[in-house]
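Scroll down for the structure; my scribbles are underneath it.
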Amino acid sequence: MHGEDTTIVTSPRRVVIGADTHLDTIHVAAITDTGGLLGDAEFRTNPSGYWAAICWARSFGEVVAVGVEGTSSYGAGLTQALQINDIHVVEVNRPDRSARRRQGKSDPLDAYSAARAVLAGHGLAVPKTPHRGPQSAADRSSRRDQSPHRGYPADQDLLVTAPADLRERYRRYPTTLRLVEALAGCRPSAHENPTTVSVLIACKALAQRIGYLERQDRELTAELDALTAALNPALRAAYGVGPDTAAQLLITAGTNSHRLRSEAAFAMLTGVAPIPASSGKTNRHRLSRGGDRAANNALHRIALVRWSHDRRTRDYVARQLAAGRSRKTSYVYSNGPSLARCSDTSPSPAPSTTTATYVQPAKPATSR
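With the first letter of the sequence shown counted as 1, position 265 gets the number 738 in my numbering; the numbers rise by one all the way through.
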């Protein structure tokens, strides 16, 4: 009796990748779907380096997920290259500081840590999809950071220590704007006192710089106004949302709607989610101190505008205060849900995704 031939069909090895990204290099580590170490390597941050990293990762088997630190900063190029090649990418938060104290820090350790985070499903998020709309808003917002109002105190400080006759001459201007206009048009050479001349030269230079920044500020505000209205009319139509706050919320939200799968996800992203803070017989919640602090600041400004000018918001805050909630919590809860529904820049509805984690599929059975 002859024995039957037995054929064992094995599936490709499943590989999880972690990437630690920097300005000039990326360090990539590979582990199996059971946590076994496979290797690590360093590549350049350019298209050929990204492709070499992808080929290196695929040499170990089927790449099921890649965890990248900083998908919207140093890891943006790698993230885009992976997505073009149909590789699932998740954003990995920075490694836990307690683990770093125990194990130390190096690029290979950080890359392996990112891969293990993907495998465990801890501290993951959906990476932003690159889009010129929110990026244009970010470019204009960053250029507006050099606020002309920062120069006002410098002019005033110079006048405080100026000679008495100079202080009296410019004290008569009722507003700071009028003072700046007068200083921008002054003639230091018309004075003989060296101290007066030096003070006026400095004040005139600052005033002219402030005037330039004021004009640039108005131009950028007009650009932001048109851009945010085109990207998301519903958000701009919300009461108390101006060009600055709308731009920040659009930058934070990104364009891929599945990042904001619910109002709770929006609250967590912007640092206004209720976090359990109970102990013993005390049962309470506090506001999250995490999230995007710039978006949190935008929500705070919107809340202040609504509380000052919107009757419905004032009535809501009054009811919450009467119920024992703090003023801060009442402000936040008056804004979150309505803004969460219109902060997405994508026209499609958000899918009902529950988490941004890598779920390990069942292994195929071997046939004999």
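For glycine and all other residues, C-beta sits at the position ideal for the given N, C-alpha and C.
message: Thr494 and Leu847 - do their beta-carbons sit closer together than 8 Å?
response: The structure shown has nothing for residue 847, since the chain only spans 474 to 841.
message: Under DSSP, the beta strand (DSSP E) around Glu736 begins and ends at which residues?
response: Residue numbering aside, residue 736 sits at position 263 when the sequence shown is read from its first letter. Here Glu736 belongs to no beta strand (DSSP E); instead the alpha helix (DSSP H) covers Glu736 to Leu742.
- request: Sort out for me which residues DSSP pairs Phe516 with in a bridge.
  value: To locate residue 516, count along the sequence shown from 1; it is residue 43. DSSP, once it has assigned bridges, lists Ile499 as partnering Phe516.
Ile748: first and last residue of the uninterrupted beta strand (DSSP E) it sits in: Mapped onto the sequence shown, residue 748 falls at position 275. Here the beta strand (DSSP E) through Ile748 covers Pro747 to Pro749.
message: Can you tell me whether Pro837 is buried or exposed? The criterion is at least 16 other CB atoms within 10 Å of its CB, across all chains shown.
response: Stepping through the sequence shown from its first residue, residue 837 is reached at position 364. Unreliable positioning characterises Pro837 in this predicted model, as indicated by a pLDDT of 38, which lies under 50. A coordinate reading is not provided.
message: Measuring straight from C-alpha to C-alpha, what distance separates Val778 and Ala726?
response: Position 305 of the sequence shown holds residue 778. Position 253 of the sequence shown holds residue 726. Straight-line spacing of the CA atoms in Val778 and Ala726 works out to 22 Å.
query: Is the region 749 to 759 touching the region 662 to 680, taking contact as three or more C-beta pairs under 8 Å?
result: Contact fails between the region 749 to 759 and the region 662 to 680, because fewer than three Cβ pairs, one in each stretch, are under 8 Å apart.
field: Residues bridged to Ile683 (per DSSP)
entry: Counted from its first residue, the sequence shown places residue 683 at position 210. Ile683 is not bridged by DSSP to any residue.
message: Just to confirm before moving on: does the CB-CB distance between Asp513 and Arg487 stay below 8 Å?
response: For this step, residue 513 is matched to residue 40 along the sequence shown. For this step, residue 487 is matched to residue 14 along the sequence shown. No.
message: Please report the straight-line C-alpha distance between Ser462 and Ala549, rounded to a whole angstrom.
response: Within the shown structure, residues of the chain are numbered from 474 to 841, placing residue 462 beyond reach of any answer.
query: Would the beta-carbon of Tyr585 fall within 8 Å of that of Ala502?
result: As a working note, residue 585 is residue 112 in the sequence shown. As a working note, residue 502 is residue 29 in the sequence shown. With contacts defined by Cβ atoms closer than 8 Å, Tyr585 and Ala502 form a contacting pair.
task: Look up Leu673 in the DSSP assignment and say whether it is helix, strand or coil.
output: As a first step, residue 673 must be located in the sequence shown, where it is residue number 200. Looking at Leu673 - three-state DSSP - the assignment turns out to be helix.
Nearest candidate by alpha-carbon position, reference Glu535, set Val562, Ala525, Ile499 and Ser484: To locate residue 535, count along the sequence shown from 1; it is residue 62. Per the C-alpha coordinates, the member of Val562, Ala525, Ile499 and Ser484 positioned closest to Glu535 is Ser484.
Secondary structure of Glu665, DSSP reduced to three states: Residue mapping note: residue 665 aligns to position 192 of the sequence shown, counting from 1. In this structure, Glu665 counts as coil in the three-state DSSP scheme.
- request: Could you pull the start and end residues of the alpha helix (DSSP H) that Arg757 belongs to?
  value: Position 284 of the sequence shown, counting from 1, holds the residue named residue 757. Note, Arg757: premise wrong, no alpha helix (DSSP H); not H, not E.
Three-state secondary structure (DSSP) of Thr505: Along the sequence shown, one-based indexing puts residue 505 at 32. DSSP, reduced to helix, strand and coil, places Thr505 within a strand of the structure shown.
In DSSP terms, what Leu510 is bridged to: Along the sequence shown, one-based indexing puts residue 510 at 37. In the DSSP secondary-structure assignment, Leu510 is bridged to Ile504.
task: Provide the residue span of the beta strand (DSSP E) that contains Ala492, from first to last.
output: Taking the first residue of the sequence shown as 1, we reach residue 492 at position 19. First-last of the beta strand (DSSP E) with Ala492: Arg487 to Thr494.
message: In the DSSP assignment, the beta strand (DSSP E) including Ala635 goes from what residue to what residue?
response: Here the question's residue 635 lines up with position 162 in the sequence shown. Taken as a continuous stretch (DSSP letters only), Ala635 belongs to no beta strand (DSSP E), as it is neither H nor E.
message: Going by beta-carbon coordinates alone, are Ala719 and Thr701 separated by less than 8 Å?
response: As a first step, residue 719 must be located in the sequence shown, where it is residue number 246. As a first step, residue 701 must be located in the sequence shown, where it is residue number 228. Yes.
query: For Val563 versus Val591, is the C-beta distance shorter than 8 Å?
result: Within the sequence shown, numbered from 1, the residue matching residue 563 stands at position 90. Within the sequence shown, numbered from 1, the residue matching residue 591 stands at position 118. The beta carbons of Val563 and Val591 sit closer together than 8 Å.
message: Please identify the residue among Val672, Pro716, Arg787 and Arg766 whose C-alpha is closest to the C-alpha of Phe739.
response: Against the sequence shown, residue 739 aligns to sequence position 266. Nearest C-alpha to Phe739: Arg766.
query: What is the DSSP secondary structure of Val599, counted as helix, strand or coil?
result: Within the sequence shown, numbered from 1, the residue matching residue 599 stands at position 126. Look at Val599 here: in three-state DSSP terms it is coil, with no helix or strand label.
field: Gly509 burial status per 10 Å Cβ neighbour count (16 or more: buried)
entry: Indexing the sequence shown from 1 puts residue 509 at position 36. Counting other Cβ atoms within 10 Å of its Cβ, Gly509 stays below 16 and is therefore classed as exposed.
- prompt: Mapping DSSP to helix, strand and coil, what is Ser579?
  reply: As a first step, residue 579 is located in the sequence shown; it is residue number 106 there, counting from the start. It is coil, neither helix nor strand.
- prompt: Mind checking whether Thr544 and Arg517 have CB atoms under 8 Å apart?
  reply: Along the sequence shown, one-based indexing puts residue 544 at 71. Along the sequence shown, one-based indexing puts residue 517 at 44. No, Cβ-Cβ distance for Thr544 and Arg517 is not below 8 Å.
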